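Have a look at the structure below, then the notes.
2 protein chains.
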Amino acid sequence: MAGVDPRNYTNFDSQVRYAQAAERGKFQFLFMPDFPVLTGNVETEAPMINIDPMMTLAAVARGTERIGLVATGSTTFNEPYNLARQFKALDLMSHGRAGWNAVPTSDPAIAANYGRDLPSRSEKYQRLHESIQIVQALWGSWEKGAWLHDAASGRFADPFRIQPINLRGNHVGSSGPLPLPPSEQGQPVIFQAGGGDQGLEVAARYASGVIGAVYTIEAARAQRMALRNAAERVGRDPDEIKFFPGLMTTITPDRRSGLDRRIAVSGETFPQRVEYLGQMLGLQLYAARLDEPLSTAQLAAARPSPRDPRSAHALNIAREGWSLRDILAHGVIDYHPVIAGPAVEAADHMQTWFEAGAADGFWLSPDVYEDGIDALVDEVVPLLQDRGLFHRDYEGTTLRDHLGAPPQYGLDTRIML
Amino acid sequence: MAGVDPRNYTNFDSQVRYAQAAERGKFQFLFMPDFPVLTGNVETEAPMINIDPMMTLAAVARGTERIGLVATGSTTFNEPYNLARQFKALDLMSHGRAGWNAVPTSDPAIAANYGRDLPSRSEKYQRLHESIQIVQALWGSWEKGAWLHDAASGRFADPFRIQPINLRGNHVGSSGPLPLPPSEQGQPVIFQAGGGDQGLEVAARYASGVIGAVYTIEAARAQRMALRNAAERVGRDPDEIKFFPGLMTTITPDRRSGLDRRIAVSGETFPQRVEYLGQMLGLQLYAARLDEPLSTAQLAAARPSPRDPRSAHALNIAREGWSLRDILAHGVIDYHPVIAGPAVEAADHMQTWFEAGAADGFWLSPDVYEDGIDALVDEVVPLLQDRGLFHRDYEGTTLRDHLGAPPQYGLDTRIML
Chain A
1 MAGVDPRNYT NFDSQVRYAQ AAERGKFQFL FMPDFPVLTG NVETEAPMIN
51 IDPMMTLAAV ARGTERIGLV ATGSTTFNEP YNLARQFKAL DLMSHGRAGW
101 NAVPTSDPAI AANYGRDLPS RSEKYQRLHE SIQIVQALWG SWEKGAWLHD
151 AASGRFADPF RIQPINLRGN HVGSSGPLPL PPSEQGQPVI FQAGGGDQGL
201 EVAARYASGV IGAVYTIEAA RAQRMALRNA AERVGRDPDE IKFFPGLMTT
251 ITPDRRSGLD RRIAVSGETF PQRVEYLGQM LGLQLYAARL DEPLSTAQLA
301 AARPSPRDPR SAHALNIARE GWSLRDILAH GVIDYHPVIA GPAVEAADHM
351 QTWFEAGAAD GFWLSPDVYE DGIDALVDEV VPLLQDRGLF HRDYEGTTLR
401 DHLGAPPQYG LDTRIML
Chain B
1 MAGVDPRNYT NFDSQVRYAQ AAERGKFQFL FMPDFPVLTG NVETEAPMIN
51 IDPMMTLAAV ARGTERIGLV ATGSTTFNEP YNLARQFKAL DLMSHGRAGW
101 NAVPTSDPAI AANYGRDLPS RSEKYQRLHE SIQIVQALWG SWEKGAWLHD
151 AASGRFADPF RIQPINLRGN HVGSSGPLPL PPSEQGQPVI FQAGGGDQGL
201 EVAARYASGV IGAVYTIEAA RAQRMALRNA AERVGRDPDE IKFFPGLMTT
251 ITPDRRSGLD RRIAVSGETF PQRVEYLGQM LGLQLYAARL DEPLSTAQLA
301 AARPSPRDPR SAHALNIARE GWSLRDILAH GVIDYHPVIA GPAVEAADHM
351 QTWFEAGAAD GFWLSPDVYE DGIDALVDEV VPLLQDRGLF HRDYEGTTLR
401 DHLGAPPQYG LDTRIML
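Protein chains in written order, with the UniProt record's numbering: chain A, 1 to 417; chain B, 1 to 417.
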């Protein structure tokens, strides 16, 4: 595909270039999902995954100076000690820019890569709670100021401010201490990106940032409010948790070229998606008619499916008269809202959501073209800056600075194990 | 301590500088032990550990071009899938320079950091065998040439050359495939650094490099021969396994300044070591007499202890008339043989051992001073090059090239799970 080098899949230089572009745009953080399994049609496209989030962020940490570095790490098949050590190492390496998106694993194919079946949902969440508490306790096993590194006196550390943690839950445990001192931000920031009541509970207790998968402004506002209320219920200031709904972008001079660019990326999958688009609209649709718009009769009969929150938007796009192919190119079946078109549309989307209390910021996913991030940085960011909605430079140096989260040493909540 | 910045403990720049110096010396690989527990007297000295081998080698991979990168990864508390993924990511990131030192965990304090007790030795070794086979199978789940990355035809990979592994042992398992293509050397190289018959068996089956902890030329030759014989018994060419005994160096213009430099680093621990030195020599020795040599009567009565293979060397040093402090400064109780003195002594040591069939190379550990590696590279390496014992430049680009190990895709031996 023109504009995408298939070798980028294993090219850490391209990951570093991407991060440097985001840093040029003063983005607060990179957010790295994780999906340790081979998926997709590998014959025609690179898997949409990062080959290893921590190794990638190590490379990025060495090639950037300010942008935060948030990686997903599942607690279902990882030991708390290993998570604590590697995220803290990233935090030290980046001088206080690391964050951990703490999630359970929900795909049976991933469990199979670990030679196991998925535990029950309640067991996974119990282990997640235990793991976060152990990891935060390990991070805090060196108190603030424990690391002296005083060349003059020869004192390396204050052993009275380094303590074991001796925590043992039902699923995981650790004695500690971790042999790593605090970073410039104390310890990494917790993120959360799961869903449901159990995910909300985790976010409310521990998270400073939450990534949302939400399609409408109303749903985003409701999720953000639920999150803030849940935080208050556990005694936290709701402003301590920032909600970042996703937004996917293809920034082009006009809508048509944006759609064409998206068709070039994923148009080959459209024929098999037509049937589902029909279900969303309450119609029978056929791949053979991919290049035709809906007929007047179809538009009159169409009803957005209550089973898919993206359906109303899909119908709105259909009513604009686009062909089925172009409706799909609008990303109506994508994981997040999609902007395909001029920068001002992306800026307007974000301003509207932000001013409606539906977002504290956004997790932006530019398309896979190598210049997708540049269009965001060079065209969308200046619009937001001119409108007074986005900072013109970093105010601090750590991820906690960027999020307005206070420094942290150890657990943020009382131990519940 | 002068010449050692205590902040180096968390400074990845200093790790990269160290690696770049070793690469300037054309060293074949860096070898990174791992010891995930806080040890030592943290009040006065940095722990003698790396805070995270994989994150460190990720940084080093980005800052070097030719030197191999070998990290220790225990199979006792790590999942094969995680080991396979992270070492393969390092292999891709470094363009074929990664190696994995596959070992079991033997310290109960490490087990406690994972909230567990140590499994039995036989269980640990069974899990080690299973883990190496699963990891190698995952590495080989993409055959040679499976990754097409053909921008012209749009073909990313050949799905018929990517296969699941579906291995399940008594302790660990994985379905695969790993979503990572082969590197420039196929897959990482296996190293081994354990001991005993079970360690020998692991080395013989899987390893291309073995790190030895051995104090005398006779013992090193015996270990190397045992290793080669064990490799032949499992049907391998013994030349495929290289044996690297350790050597610790403090390179200075003369012996006296070498001893003083070592006293500055660790002299404070000497008083508590005097009693053990006495046991090695069959004498009662006292810390109060640290600055005196052994008396004629003591030298006449001294007998090297058969329980410590370092004893004969300690007695030889004592007979040279050094004080107890200086005897200890010679490193007679260290983990490996120690050279403290002029470069020619280090070169002579290596030439003697190499020509006696006691080593294929050496794992060199310069002292903790920042210029310790430079003295090795700038003073010892040229001597070995002039004697025709060491290459003047890298012949290839991958770790397999440096070791003379053939490219590998998948398991090197038949599956025994």
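For glycine and all other residues, C-beta sits at the position ideal for the given N, C-alpha and C. From a predicted model like this one, the values you see are computed outputs, not experimental measurements.
Item	Value
Under 8 Å from the C-beta of A:Asn78: neighbouring residues of chain B	Glu79 and Asn82
Residues from the segment 106–117 of chain A in contact with chain B, defined by Cβ distance under 7 Å	Ala112, Asn113, Tyr114 and Gly115
Beta strand (DSSP E) segment containing A:Trp147, residue limits	Trp147 to Asp150
Where the alpha helix (DSSP H) containing B:Pro47 begins and where it ends	Neither: B:Pro47 is in no alpha helix (DSSP H) and is coded neither H nor E.
Close-in-space but distant-in-sequence residues of the same chain around A:Ala59 (CB under 8 Å, 5 per side omitted)	Phe12, Gln15 and Val16
Contact check, B:His313 vs A:Arg7, beta carbons under 9 Å	no
Simplified DSSP state of A:Ile110, which is helix, strand or coil	helix
Simplified DSSP assignment, three categories, for B:Asn82	helix
Spatial neighbours of A:Thr109 in its chain, beta-carbon cut-off 6 Å, leaving aside the 5 residues before and after	It is Ala, not Thr, that sits at residue 109 of chain A in the sequence shown. For A:Ala109, where only same-chain residues beyond five positions count, the Cβ hits under 6 Å are Val37.
Contact list for B:Arg7 against chain D, beta-carbon separation under 7 Å	The displayed structure is made up of protein chains A and B, and chain D is not among them.
Whether B:Thr252 touches B:Gly341 by CB criterion (9 Å)	yes
Range covered by the beta strand (DSSP E) that runs through B:Ser94	Here B:Ser94 belongs to no beta strand (DSSP E), and DSSP marks it neither H nor E.
A:Asn316 (DSSP reduced to helix, strand or coil)	helix
Closer than 9 Å to chain B by CB, A:Asp52	yes
Proximal chain A residues relative to B:Glu123, where beta-carbon distance stays under 8 Å	Per Cβ cutoff of 8 Å: no residues; B:Glu123 is ~16 Å from chain A at best.
Distance, A:Leu411 Cα to A:Ser120 Cα	26 Å
Any chain B beta carbon closer than 9 Å to A:Glu45	yes
CB contact flag (A:Thr56, A:Met93, <9 Å)	no
CB contact check: A:Leu399 to chain B, cutoff 9 Å	no
Contacts of A:Gln192 in chain B (Cβ-Cβ under 7 Å)	In chain order: nothing, as chain B lies at least about 22 Å away.
Which of helix, strand or coil DSSP assigns to A:Gln192	strand
C-alpha distance - B:Ser141 paired with A:Pro337, whole-angstrom precision	36 Å
CB-CB length for A:Pro382 against A:Thr249, believed under 8 Å	Not a contact, Cβ separation roughly 15 Å.
Touch test, the segment 59–74 of chain B against the segment 16–28 of chain B, Cβ-Cβ under 8 Å, three pairs minimum	yes
9 Å Cβ cutoff met for B:Trp100 and B:Ile217	no
Beta-carbon proximity of B:Ala302 to B:Leu294, cut-off 9 Å	yes
The segment 228–237 of chain B / the segment 277–290 of chain B touching (three or more Cβ pairs under 8 Å)	no
Identity of the residue in B:Arg307, B:Ala329, B:Pro104 and B:Gly195 nearest B:Pro271 by Cα	B:Ala329
Cutoff 9 Å: A:Thr56 Cβ touching any chain B Cβ	yes
Beta-carbon neighbours of A:Ala297, restricted to chain B and to distances below 9 Å	Within 9 Å Cβ-Cβ: nothing; A:Ala297 doesn't reach chain B, min ~38 Å.
Nearest-angstrom Cα separation, counted from B:Ala318 out to A:Gln153	Note on identity: in this sequence residue 153 of chain A is Ser, with Gln being the wrong assignment. Distance between the alpha carbons of A:Ser153 and B:Ala318 is about 33 Å.
Limits of the unbroken beta strand (DSSP E) element including B:Arg400	Element bounds for B:Arg400: not the beta strand (DSSP E) but the alpha helix (DSSP H), Leu399 to Leu403.
Amino acids of chain B, ordered along the chain, whose beta-carbon sits closer than 8 Å to that of A:Arg255	The premise fails here: A:Arg255 is roughly 26 Å from chain B at the closest Cβ pair, so nothing lies under 8 Å.
Continuous alpha helix (DSSP H) assignments of at least 4 residues falling wholly in the segment 345–386 of chain B	372–375 and 381–386
Proximity test, Cβ basis, 9 Å: A:Asp371 and chain B	no
For B:Ala98 and B:Leu399, believed in contact at Cβ under 8 Å, the rounded distance	7 Å
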